[in-house]
Each structure stands twice: as structure tokens, then as C-alpha cells.
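> Those protein sequences? They're chains A and B, same order as listed.
Going by the working numbering, the first residue of the first sequence is number 1, and it counts up by one from there.
Going by the working numbering, the first residue of the second sequence is number 1001, and it counts up by one from there.
Idealized CB from N, CA, C, for every residue including glycine.
Pasting a structure below so you can have a look.
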Amino acid sequence: MSTTLSADWARRLNSLQLALVGVFLLAPVVWMVLASFKQSSDVIAYPPTLLFTPTLENYVALIETTPFLSYGVNSIIVTVGSTTLGIVLGVPAAFVISWTRVSWPAVLTLAARMVPGALFLLPWYILFRNLGMIGSYWPIILSHAVITMPIVIWILLPYFDGIPRSIYEAAQVDGCSITRILWRIALPLVGSGVAIAAILAFVFSWNFFLFVLVLSTSDTKTMIAASFNFVGEGSTRWGVLMAVATLIALPPLVLAMIVQRWLIAGLTLGAVKG
Amino acid sequence: MASIKLRNITKTFGGPNIISDLSLDIDDREFVVFVGPSGCGKSTLLRIIAGLEPVTEGDVFIGDQRVNSLPAARRNIAMVFQDYALYPHMTVYGNMAFALELRGMSKVEIDTRVRRAATMLDIEPYLDRRPKALSGGQRQRVAMGRAIVRDPQVFLFDEPLSNLDARLRGQVRAEIKALSQQLKTTMIFVTHDQVEAMTMADRIVVLHAGVIQQYDTPEQVYEHPANQFVAGFIGSPTMNFLPIRLQGDEIVLTGDGRALPLTDDRRGRLQNAGGEATLGVRPEHILLCDPREGIAASIKLVEPLGSDTMVHFDLAGTPAIARVDPAIKPKVGETIALRMAPSRVHMFDVKTGQVLT
């Protein structure tokens, strides 16, 4: 009897904890979405109003006053480009690091990621300008690959490490070269890991602000950089800013919801069982 | 099919030698078992032959070809791994066909070979299944099938039975033996289980600390061990070892000075070895006898195995075991009289452990 009771209480406490964490994490998101449908006066009202007449005026203003669709296209080009580059470079890198058990390249990529991005900006800007690349997507895609590639490497390393060594050796005996082992044996076994890495790389690149702010021009500006236009020195257009923030958050949120089961299983698994 | 020659093989991973100056000849179509305790270098030696591990020094020949610099893929060998190492994302058919596809073989030829091997191993109903849908024994058969379809020069088995339960192990052991007789291909089998070594091998390589202790037929290794290590490693229960010395004209147990009735030639050998040695006698060669003729011992433990009964006792302060007829029904605490079959005892040098000849 007492065991059942305490188990019940444990379950309730668990639910309460989850609810508290959920409220804490979701409150800003809910506030952002609600604010995007409020009139300017309601957005900055204190205390915040929960009951209001919803309006689309912020979204209309956003589309009418800015080339928002082209910013969206730029975001997609930069994010898909840097994610693809991160995958193309990161998958073989993670495989070779796991294969050779030489870990310093992985540490190096992490160290590069740990250094504040602002440190890279000036040398990169000068480099890309001298190469005549400013104005194209490449400076942003390449700089974002510095973020996406370590993500891919560090997510995939435990996946590759989890493949029993004997499977690689069996493939060697069967006649595989190292490239073929990656392509025919290892890659199919870490498919879910690649998907997880791609999603996280996508989200990080999509939301990364600093490099785009400096390295983009008006033609290559992404949504996240464009959102800064609504933060003025004198006044900030909070309603429009929240509308653009909602639209920016939408693709990663939808992506995360679609693959959430896979995402959690992939993040906690990281191993292959024979 | 091919012979294998290893010449002065040394292998180190940076520290002490795993294998030291080892030379070995394996004949064409021979079934050789590498046996030894964990860490003796048997798997490393197999991996060197497979091309999965480079030698530090020495030469490896498969057939007449020196293969030191040939990668595993080009040695025309097949290997069965301890954990089977099946490709989890491929079906049984895919696993077996994979190596043949890499060789660019036609689909018809691949299909013929895979189905022939599957029939031979009784795994035809499982060809469309993934490895995780198979039992341990079935996976083991698939791993063997993957090796067979390639028709290799040499089969290598790296402790392939150690993940199976005892009943299945006996069954698969018999199947591998039958397969070796059917395929007539050179086979090398690594195990730490001396029963597997004894039952399967044409010849056994007993390894210890990277050095070959004895390379001979199972009968020779059992009946005429080259040293105390081999004598102790091969045979279950293990051989009894008792310190003995020469006292006047008699050979006596060092522990209590009781005389042992042994043949004159052994007395001579013992004299040559400085009067002291270790006597080795297998449990089945300790016989019960008339109390007036034998050495008395008090039974400490009885292990009835059905076909035999193991009797544990102390002999001159050293624990020993005798294998006796279960009909005798020995009891703990009972005093029994024992003698040793004089022609079946072995004497080993106290310092080197080598057999005294």
C-alpha cells in the first residue's frame, strides 16, 4: 500500500517538475508568438496582457516594408549550404578519427568552435574581401561550416566508435578499401546519427547571427540578420520584431517536432548493436 | 588451398613482445588450432596471418607468396570472428554475397554460391532475414557461410564458439570439423578451450607468452607434453604436479618422504636433473589399489560427473585429483590407497619446466 502511494507521489512530483521546466522553457516562446499578434501598444503593456484582439498587422508590415521572402531564401541557401558542407567534410573526418583513434583533430575542431567567433571576423572579412567573395553566399556558408562541421564530427564520433571493430575488419577481409568501408558499411549503420547531426547543424546555422551580420550584403542577408533592422537606436518595433522572430523560429521548431522521437533516440543511443 | 609459413615473427605494440621470434609451418589442407591462455598472442598471430596486424619483424608466406605487404583484401583468406561481425544492415544473403559483389562476380554466380553454402549450412530459410533476427548459432553459421562462399585459400577462425552456450558449442564444433573434412582447405582455429583444440585439430600449437610451447598432434601433446606448461594446460581436470626427489635409490615425494614405485629409467633421468623434479600425473592415471601397495590419502572432496567421479585429496601436502570409477562411490573423509601408472607419469625440470628425457 505504502509502496503504491509513494510511487504515486513520485509520479506526481515528476509531472510537476516537468511542468515547471516546460513553463520555464516555453514562456518566452509563447510570449514571442503572442506578441507577434498584438498591436504595438499591447506589446509593451505592463503587466503583459493575455487577452487581446489578435492582429496580423506586424506580419503585414514585415512583408510590405522588407524583402522578407528573399531573406528567407538567403537563409535557406546559407543553412542548407553550410549543413551540406558540414556533413560532407564532417562525416569522413569523424570516421577517420574513429578509425585511427587519433583524437587531436576532433579536439582541434572543438577548440576552433570554443574560440569566440568575433575573433575570426576581421581576418575572415579581409580574406574574403581580398578573394573578391564578399557579396556572394560563400563567405557565410564557409564561416558557418566552422560551426556545423564540429557538430557533425562530435555527434558522429560515438556512432562510429559504437560500430564493433570486427565489422570493419570483416569488411577488410571481404575486400573493402577504407573508402568503401565508410560508404558501404559504416554510413548505413550511422544513418540516424547523420540525420541528427544534419538537423542540429541546420538549427545552429539557421540561428547564427554574428557572421551573417558582418559578412553579408543586402543581397545575401539572412532572416536572422534582417531582424536586426527592427531594433532602432531610438525605438524598437517590438511587434514586427516578434513577428520576424516567430517566422525564424518556425522551421527549426517544425523540424524538431517532426523528428523528435528520432532525435531523442539518436542522441541517447549513439551505438550500433549487431 | 595453401600452406602457411611463418618465419621469425616478432610482434610488439610498443611494450614487451607479444610474439617473439616465432616460426611455424602449416601444411596445405591441415586443420591447426592455436591454443593458449588469454594474452598468449594466439589471436595476434591469427590477425598477422589475416593481414589485419602488421608484423614487427619476420615474414609471412601463404602458399609460396610472401604476403607481409599485402592487405587483408588481397590475401584470399576468409575469417570468422568471435562476435561473428555480420553486417547488421544487410540480410543474410547480402552478408554472404558482399565479398563476391566486391570481386565483380556475376549475379548468377553469386546466387549459385550463396545458395550452395546456405544449403550446406542449413540456413536457406533465413536468407532474407537480418542478423538481429537470428539466434547465436544461426549467426555463427552465417559467418561461416560468408567465409565459405569465397572459396578462400585459408580459413581463419578467431574463437568463434566462445559466445555460444555449451550445448550449441559442441554441436557447432562438430559441424566445423565436418566442414573442414568436406572443404579440404587449410584452416586455423584460435581458442583458449583445450577441449576444442583436442577434438578439432590435426595439429595443435600451444602458445604461452608469445612463444610456441609445443606443435604436434593432439595425441602427442596430451601423451607427451613438452613441458610443464603444456602438461598443465592440456587436459581437464588439469594434470597433478607433485615435487619429488631422489633419496638413496628411491624416488620419494618431497613433502613427506613416501616412496613412489617408478621405473629405473626415471631414476636415471632424475639423477641427471640433480635429484629433484616435478612429477606430473593425470587424474586418470592415479589408480586405486590395495592398501598394502599404495599411498594412503584422505578424501577431501568428491565430484560425481556421471561417467566418472573426481576425488580430491592431498598428497604430501599438495592438492591432487584422481578420476575414478563412479561405481566405487567414494566418500569424503574416507582413506583410500593410490598408485600411479608408472609408464604414464611425467617428470619436469624444477627450474625450466621442460620434460626430463
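(1) Measure from the C-beta of G1145/B to each C-beta in chain A and report whether the shortest distance is under 8 Å.
(2) Using beta carbons (cut-off 8 Å, strictly below), is S166/A in contact with chain B?
(3) Beta-carbon within less than 7 Å of I147/A's beta-carbon, same chain only, minus the 5 sequence neighbours each way: which residues are those?
(4) For the candidate residues L156/A, N130/A and M242/A, whose alpha-carbon lies nearest to that of L34/A?
(5) Roughly how far, in whole angstroms, is the beta-carbon of L1279/B from the beta-carbon of I1244/B, given that I think they are within contact range, below 8 Å?
(6) Would L1356/B and R1269/B qualify as a contact pair, given that the criterion is a beta-carbon distance under 8 Å?
(7) Thinking just about the alpha-carbon of each residue, which of R1150/B, G1353/B and Y1087/B is nearest to the one in R1139/B?
(8) Which residue's Cα is closest to the Cα of L1183/B: M1144/B, K1107/B, L1161/B and G1051/B?
(9) Just list the residues that DSSP pairs K1005/B with in beta bridges.
(10) Suppose you measure from the CA of R1129/B to the CA of S216/A; what does that come to, to the nearest Å?
(11) How close, in whole Å, do the beta carbons of G1317/B and G1255/B come, if the pair is a contact with beta carbons under 8 Å?
(12) With 16 as the cutoff for other CB atoms within 10 Å, does G1051/B come out buried or exposed?
(13) List the residues of chain A whose Cβ lies closer than 7 Å to the Cβ of F1098/B, in chain order.
(14) Quick one: does D1083/B have its CB under 8 Å from some CB of chain A?
(15) Determine the direct distance from the alpha carbon of L1207/B to that of V1436/B, and round the result to whole angstroms.
(16) Give the range of the alpha helix (DSSP H) segment to which D161/A is assigned.
(17) Using a beta-carbon distance cut-off of less than 9 Å, what residues from the stretch 1045-1075 of chain B approach chain A?
(18) Just to confirm my understanding: we take I1018/B, look at its own chain, exclude 5 residues before and 5 after, and list those with CB closer than 8 Å. What are they?
(19) From what residue to what residue does the beta strand (DSSP E) around D1360/B run?
(20) Closest to I224/A by CA distance: which of I76/A, P28/A and G81/A is it?
(21) What is the DSSP secondary structure of V1345/B, reduced to helix, strand or coil?
(22) Counting only C-beta atoms, is V272/A closer than 8 Å to chain B at any point?
(23) Tell me whether E1293/B sits in a helix, a strand or coil according to DSSP, three-state version.
(24) Would you verify that the beta carbon of V1149/B is, or is not, closer than 8 Å to some beta carbon of chain A?
(25) When the Cα of S1236/B is compared with those of M1310/B, M1120/B, T1263/B and V1033/B, which residue comes out closest?
(26) Among the candidates I87/A, T222/A, L18/A and W183/A, whose CA atom is the shortest distance from the CA of P139/A?
(27) What is the rounded straight-line gap between the Cα of L255/A and the Cα of F1081/B?
(28) Just to check my reading of the structure: T1186/B and I1026/B have Cβ atoms closer than 8 Å, yes? What is that Cβ distance to the nearest angstrom?
(29) With a threshold of 16 other CB atoms inside 10 Å of the CB of R299/A, please say whether the residue is buried or exposed.
(30) For L62/A, which of D42/A, W154/A, T49/A and F37/A has the nearest alpha-carbon?
(31) In terms of residues, what are the limits of the alpha helix (DSSP H) holding G81/A?
(32) How big is the Cα-Cα spacing for I44/A and V30/A?
(33) For R1258/B, collect the residues of the same chain with a Cβ closer than 8 Å to its Cβ; drop the 5 residues on either side in sequence, then sort them by chain order.
(34) Applying a beta-carbon distance threshold of less than 7 Å, which residues of chain A neighbour L1102/B?
(35) Should G175/A go down as buried or exposed, given a rule of 16 or more other Cβ atoms within 10 Å for buried?
(36) Assess, as a yes-or-no matter, whether the stretch 83-91 of chain A is touched by the stretch 149-169 of chain A under the definition of 3 or more beta carbon pairs within less than 8 Å.
Considering the structure as presented:
(1) no
(2) yes
(3) Result list for I147/A: R113, F204, S205 and F208, in chain order.
(4) Ranking L156/A, N130/A and M242/A by Cα distance to L34/A puts M242/A first.
(5) 5 Å
(6) yes
(7) Y1087/B
(8) M1144/B
(9) D1025/B and F1061/B
(10) 53 Å
(11) Between G1317/B and G1255/B a beta carbon distance of about 4 Å is seen, short of the 8 Å cut, so the two are scored as contacting.
(12) buried
(13) D174
(14) yes
(15) In the structure displayed, chain B extends from 1001 to 1357; residue 1436/B sits before or after that span and is not available.
(16) W138 to G162
(17) R1047, A1050, G1051, L1052, P1071, A1072, A1073, R1074 and R1075
(18) K1011, T1012, G1041, T1044 and G1210
(19) A question about residue 1360/B goes unanswered here, because the residues of chain B that appear run from 1001 up to 1357.
(20) I76/A
(21) coil
(22) At V272/A the pLDDT is 41, less than 50, meaning the model places this residue with poor confidence; the figure from the coordinates comes in the next sentence. Output row for V272/A: interface = yes.
(23) coil
(24) no
(25) It is M1310/B.
(26) T222/A
(27) 41 Å
(28) 6 Å
(29) Any property of residue 299/A remains undetermined from this structure, which presents chain A solely from 1 to 274.
(30) F37/A
(31) F68 to T100
(32) I44/A and V30/A have their alpha carbons spaced roughly 15 Å apart.
(33) Result list for R1258/B: V1252, I1295 and A1316, in chain order.
(34) D174, G175 and C176
(35) buried
(36) yes
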